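S.K.:
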Amino acid sequence: MIEFRGIKKIYQMGGHALEALRDVSLNIGKGEFVSIMGPSGSGKSTLMNIIGCLDTPSEGEYYLEGRNVAGLTFDQLASIRNRMLGFVFQNFNLLPYATAWENVELPLLFNGKNAKKRRERVAELLEAVGLLDWKEHRPSELSGGEQQRIALARALANDPPIILADEPTGNLDSHSGEEIMSLLGKLWKDGRTIVMVTHDDRIAARSERTIRLFDGQVA
Ligand SMILES: Nc1ncnc2c1ncn2[C@@H]1O[C@H](COP(=O)(O)OP(=O)(O)OP(=O)(O)O)[C@@H](O)[C@H]1O
Ligand SMILES: [Mg+2]
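Quick note: the sequence shown, position 132, residue 137 per this note's numbering, numbers continuous.
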């Protein structure tokens, strides 16, 4: 489902080039639950951003469901993101002035769903993460764990087959972290592909396989 062949990512910083990923090749199959581990600065987020079509590699080929996405235009990448990928970040990345309901509704608006369909889907998603009663709350009126559950509901809005989570429990207490992991576990059992970055061995142990990065290379 996700295949990297000789992926490099080079950031130009002032005068010099920083190689964040050097020759990464990997395969993640449909329905796999994979964790990505490695020291700070080893390239984990860079790797996730490329998998998620939020960034493009400097060299190499990236096949997503057999299609080389390395050469696609900005619009084509946006369309793939919308259909195929759901994102969860360490800092939740919710819109601060929007309610829980509005945050979850946003990807449905981008997808052109009509108002009735949107209402039904948002209610279903908020119910699934146990936060329908919190729908009028803004992010600042929710705990970290609640914000992350809203972020997960938003990630699922268009029912993507792949969920990318970059340290989803990094800012959470262990109880809220457990809630997020159990939701991710459910999504995996439903057949989704999950790729998750973590620094925590116990969290990584919930996945089927760990890919370790060191200095931009798979160890
Ligand atoms: N937009 C950017 N411009 C320039 N350099 C960048 C950029 N993003 C990341 N880097 C550099 O690329 C390297 C890899 O960064 P990355 O964020 O992928 O690491 P990480 O493994 O996610 O680290 P952490 O565990 O701290 O989140 C680092 O040296 C970082 O400074
Ligand atoms: Mg990172």
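Each residue gets a CB set at the ideal place from its N, CA and C atoms; glycine is no exception. Treat the numbers as computed from the prediction; the structure is a model and nothing was measured.
What's the call for P165, buried or exposed, on a 16-neighbour Cβ count within 10 Å?
M.R.: buried
S.K.: Would P144 be called buried (16 or more neighbouring beta carbons within 10 Å of its own) or exposed?
M.R.: buried
S.K.: Could you please give the first and the last residue of the uninterrupted beta strand (DSSP E) stretch that includes K14?
M.R.: 7-18
S.K.: Considering only DSSP beta bridges, list what V202 is partnered with.
M.R.: I41, D171
S.K.: According to DSSP, is G215 helix, strand or coil?
M.R.: Per the sequence shown, the amino acid found at residue 215 is Thr instead of Gly. It is a strand residue.
S.K.: Might you give, ordered along the chain, the residues of its own chain that have their beta carbon closer than 8 Å to the beta carbon of V109, omitting 5 neighbours on each side?
M.R.: V127, L130, L131, I155, A158, R159, A162
S.K.: Would T174 and I185 qualify as a contact pair, given that the criterion is a beta-carbon distance under 8 Å?
M.R.: yes
S.K.: Spatial neighbours of K118 within its chain, please: CB distance less than 8 Å, with the 5 preceding and 5 following residues excluded, ordered by chain position.
M.R.: R126
S.K.: Within the present structure, is the beta-carbon of A210 separated from the nearest heavy atom of ligand 1 by less than 7 Å?
M.R.: no
S.K.: Buried or exposed for K194, please, with buried defined as at least 16 other CB atoms from any protein chain shown within 10 angstroms of its CB.
M.R.: exposed
S.K.: Using the Cβ count rule (16 or more neighbours within 10 Å means buried), how would you classify Y102?
M.R.: exposed
S.K.: Using CA coordinates, which residue listed in E172, V74, R88 is at the minimum distance from D9?
M.R.: Residue identity differs from the one stated: residue 9 is Phe in this sequence, not Asp. Cα-wise, what sits closest to F9 is V74.
S.K.: Helix, strand or coil, according to DSSP, for V134 in the structure here?
M.R.: coil
S.K.: If you reduce the DSSP assignment to three classes, tell me which class A224 lands in.
M.R.: coil
S.K.: Mapping DSSP to helix, strand and coil, what is V93?
M.R.: strand
S.K.: Just mark P62 as buried or exposed, buried being the case when its beta carbon has 16 or more other beta carbons within 10 Å.
M.R.: buried
S.K.: Which value, in whole angstroms, describes the spacing of the CA atoms of F219 and G43?
M.R.: 6 Å
S.K.: What does the shell around ligand 2 hold, if a residue joins when its beta-carbon is under 7 Å from any heavy atom?
M.R.: K49, S50, D171, E172, V202
S.K.: Buried or exposed: which applies to F38, given that a residue is buried once 16 or more other Cβ atoms fall within 10 Å of its Cβ?
M.R.: buried
S.K.: Taking only the alpha-carbon atoms, compute the straight-line gap between G221 and N54 and give it to the nearest angstrom.
M.R.: 14 Å
S.K.: Quick one: Cα of T104 to Cα of V29, how far?
M.R.: Taking the straight line from one Cα to the other gives about 40 Å.
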